[in-house]
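Colleague: Handing you this structure, nothing more for now.
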Amino acid sequence: MATFILLSSLTDEGAQTIKTEPERIRAVNQELERMGVHVVSQWAVLGPYDFVNVVEAPDTLTVARVSAVLASRGSVRILTLPAIPIDEFIAGLLLQHGDR
294 MATFILLSSL
304 TDEGAQTIKT
314 EPERIRAVNQ
324 ELERMGVHVV
334 SQWAVLGPYD
344 FVNVVEAPDT
354 LTVARVSAVL
364 ASRGSVRILT
374 LPAIPIDEFI
384 AGLLLQHGDR
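Quick look at the structure:
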């Protein structure tokens, strides 16, 4: 499974929805599970984003599809970032360094 970071900003519509139905947040997490994306961790944050989610998906296409489906509802804008485990990142750097 690949890991991704989802940075989410609510639209006015999305903010109104969670104000009146805060449990909608967990319902969306369950939808993600049904679409093949597992929510590993989730935080509400202050600043330019409203939520930070760490998710696992079988591939980039799956998480891209989920991001597009959620964004198409008009309640949230999502920035999706692939996350590379630090050990894999360092190993890749060492391989590159060894190629010199």
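For the sequence shown, my numbering assigns the number 294 to the initial residue and increments by one for each residue that follows. Every residue, glycine too, gets a C-beta built ideally from N, C-alpha and C. Computed from a predicted model, the values in this text were never measured in an experiment.
1) Starting from Pro378, follow its DSSP beta bridges and name the residues at the other end.
2) Hey, quick one: how far does the beta strand (DSSP E) through Thr353 stretch, first residue to last?
3) Which residue wins for smallest C-alpha separation from Gly340, given the options His331, Thr296, Leu300?
4) Just checking, does the region 309-329 make contact with the region 371-387 on the three C-beta pairs under 8 Å criterion?
5) For Ala384 versus Ala295, is the C-beta distance shorter than 9 Å?
6) If the criterion is Cβ atoms closer than 9 Å, does the pair Ile311 and Val347 meet it?
7) Could you give the DSSP three-state label for Thr373: helix, strand or coil?
8) Return the chain-ordered list of same chain residues with a C-beta closer than 6 Å to the C-beta of Ser302, the five sequence neighbours on each side being excluded.
9) Is Gly307 close to chain C? Criterion is C-beta to C-beta, closer than 9 Å.
Modeller: In short, the structure shows the following:
1) DSSP output for Pro378 lists no bridge partner at all.
2) Where Thr353 is concerned, there is no enclosing beta strand (DSSP E), although the alpha helix (DSSP H) it sits in stretches over 353-365.
3) Leu300
4) no
5) no
6) no
7) strand
8) Tyr342, Asp343, Arg370
9) Among the chains in the structure shown there is no chain C, since it carries only a single protein chain.
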